[in-house]
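Numbering (my numbering), first residue to last: 2 to 112.
Since the structure comes first, as C-alpha cells, the remarks are kept for the end.
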C-alpha cells in the first residue's frame, strides 16, 4: 500500500534542512516504520538517494490534527548533509497495519 499512498499521508515533516523528494520521504518512512514496529532505537539507511541514520525519539507528538511517534534522521544526500525531524502519522500507521504481509507464491508442478 505504501507504493500507492502519497508520502504526505504517511509522514508529516516538522523540520528539514534538505528539500525532500517523494522517494526520499518514502525511504525515511520505511526505516521509521520498521523502527516503530520492532521497537528499535536507530537504524542505518542507505540507497541511491541517501545514506545516514534514522533515530526513534520514543516520543509521541501532536501538532494540531496530526499526531504520532517522532523520529529524527541525519542524512547525507547529493545536496549535502542535513537533518530531518518528522512524525509517522496515525493515519499512515493504520494504513500500513491494515496491509497483510505478502504470502510467498507456491510453485506449481505439472505432475
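We put the CB at the ideal spot given by N, CA and C, even for glycine.
For residue i, which three-state DSSP category applies?
i	result
residue 38	helix
residue 93	helix
residue 126	It is not possible to answer for residue 126, since the shown part of the chain is limited to 2 through 112.
residue 75	strand
residue 51	strand
Of the choices the options, whose alpha-carbon is the least far from that of residue i?
i	options	result
residue 74	40, 28 and 23	28
residue 26	50, 58, 109 and 40	50
residue 71	79, 90 and 83	90
residue 57	97, 10, 9 and 88	88
residue 22	47, 32, 8 and 95	8
If contacts are defined as beta-carbon pairs under 8 Å, then residue i and residue j qualify, I think. What distance do you get, rounded to the angstrom?
i	j	result
residue 76	residue 53	4 Å
residue 15	residue 86	4 Å
For the ligand ZN, I want to know if residue i counts as a neighbour, meaning its beta carbon is within less than 7 Å of at least one of the ligand's heavy atoms.
i	result
residue 24	In terms of ligand content, the structure shown is empty, and the ligand ZN therefore cannot be addressed.
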